[in-house]
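Our numbering runs 14 ahead of the 1-based position in the sequence shown. Step one of this worksheet: look at the structure below.
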Amino acid sequence: MIGSPVLAWLLTALFAATTAWCLRVLPSLGAWARVDAGWHALMGAAMIAMIWHWGMAIPLAPQVVLFALGCLWFLSRTAAGHSHSGGHTAPRGAGAHHAMMMAAMAWMVATMPELMAGSDPDSGGGHHHALGDAVSLSQSPASSPTALIAGHVALGLGFVALCLPWLARAFALGRHLPDPRSPAPGREVADCACHGAMSFGMGVMFLAMLAG
Numbered sequence: 015m016i017g018s019p020v021l022a023w024l025l026t027a028l029f030a031a032t033t034a035w036c037l038r039v040l041p042s043l044g045a046w047a048r049v050d051a052g053w054h055a056l057m058g059a060a061m062i063a064m065i066w067h068w069g070m071a072i073p074l075a076p077q078v079v080l081f082a083l084g085c086l087w088f089l090s091r092t093a094a095g096h097s098h099s100g101g102h103t104a105p106r107g108a109g110a111h112h113a114m115m116m117a118a119m120a121w122m123v124a125t126m127p128e129l130m131a132g133s134d135p136d137s138g139g140g141h142h143h144a145l146g147d148a149v150s151l152s153q154s155p156a157s158s159p160t161a162l163i164a165g166h167v168a169l170g171l172g173f174v175a176l177c178l179p180w181l182a183r184a185f186a187l188g189r190h191l192p193d194p195r196s197p198a199p200g201r202e203v204a205d206c207a208c209h210g211a212m213s214f215g216m217g218v219m220f221l222a223m224l225a226g
């Protein structure tokens, strides 16, 4: 959950745009790429839910399992040498990046209750009651507020940095637009910008959650 209303709405708009793009291109993709796009759209919708108070009512454990499966999906696709660009060229390591984002989503969901409890001990009310017993999934003797904060900072900065290859490619391709002889690059620019925006938004989410 994001404390700043302005940042919350900005991130909501960002993830709504990326989710809408994934859903828009999904029907035109091949079977495997459709599943990829579906995972991205699902992650965008889940990120929007995590921004707002009402999202805390969504059961935690199924989300962790779901995005762990998403991570395994992209890892298996990468191991098999499949493309993750819907027919376009993508930055090197695109499949690994997608898998990392799915794993980070699972970790973010699992650790959110503990992070919120550590940052505001008196806020137990609605948030933790809505999550119920699933809170225990994120608690272990080895965990500590310091390690949790360090993990969020590292992941936040990491995903912000990982948006750069996507955006660099989008800008490089965008310099040749509009090109009536080859309309396809416009789609590729949007795809790269979409993945870059999702990575940037996730990084900001990790950092913003530390502020409550």
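Where a beta carbon is used, it is the ideal one built from N, C-alpha and C, also for glycine.
Relative to the alpha-carbon of residue i, which residue among the options has its alpha-carbon at the smallest distance?
i, options, result
"L224", "L43, H54, M130, F214", "M130"
"H190", "W68, P41, V203", "V203"
"L171", "A184, L24, G215, F185", "G215"
"A108", "G188, G200, L43, L176", "L176"
"L24", "A55, G44, I62", "I62"
"I228", "M212, F220, R201, V39", "In the structure as shown, the chain starts at 15 and stops at 226, and residue 228 therefore has no counterpart that could be examined."
"L178", "L169, C206, T160", "C206"
"A31", "L56, M122, L86, A75", "L56"
"T26", "H67, L40, V39, S42", "H67"
"I65", "F29, G200, A94", "F29"
"M126", "A94, L181, G165", "G165"
"T160", "E128, L86, I72", "E128"
Could you check where the alpha helix (DSSP H) with residue i kicks off and where it finishes?
i, result
"A31", "19 to 39"
"G84", "74 to 93"
Helix, strand or coil, according to DSSP, for residue i in the structure here?
i, result
"A120", "helix"
"G44", "coil"
"G69", "helix"
"H190", "coil"
"G140", "Only weak support is given to the placement of G140: the predicted model assigns it a pLDDT of 41, under 50, and the value that follows is read from those uncertain coordinates. G140: helix per DSSP, three-state reduction."
"M126", "helix"
"G172", "helix"
"G52", "helix"
"G107", "coil"
"M15", "coil"
"H166", "helix"
"H112", "helix"
What do you reckon, are the CB atoms on residue i and residue j nearer than 8 Å?
i, j, result
"L21", "A222", "yes"
"V78", "A124", "yes"
"V81", "H112", "Residue identity differs from the one stated: residue 81 is Phe in this sequence, not Val. Cβ distance not < 8 Å, so F81 and H112 don't count as in contact."
"D46", "C208", "Contrary to the premise, residue 46 reads as Trp rather than Asp in this sequence. Their beta carbons are not under 8 Å apart, which means W46 does not touch C208 by this criterion."
"G217", "V174", "yes"
"A110", "T92", "yes"
Throw me the rounded Cβ distance for the residue i and residue j pair, which I believe falls under 8 Å.
i, j, result
"M119", "M70", "Actually they do not touch by this definition, with Cβ atoms about 16 Å apart."
"T33", "G52", "T33 to G52, Cβ: 11 Å. No contact."
"M116", "G84", "4 Å"
"M212", "H54", "7 Å"
Establish whether the CB of residue i and some CB of chain D are separated by less than 8 Å.
i, result
"A207", "Considering every chain present, this structure includes no chain D. It has just one protein chain."
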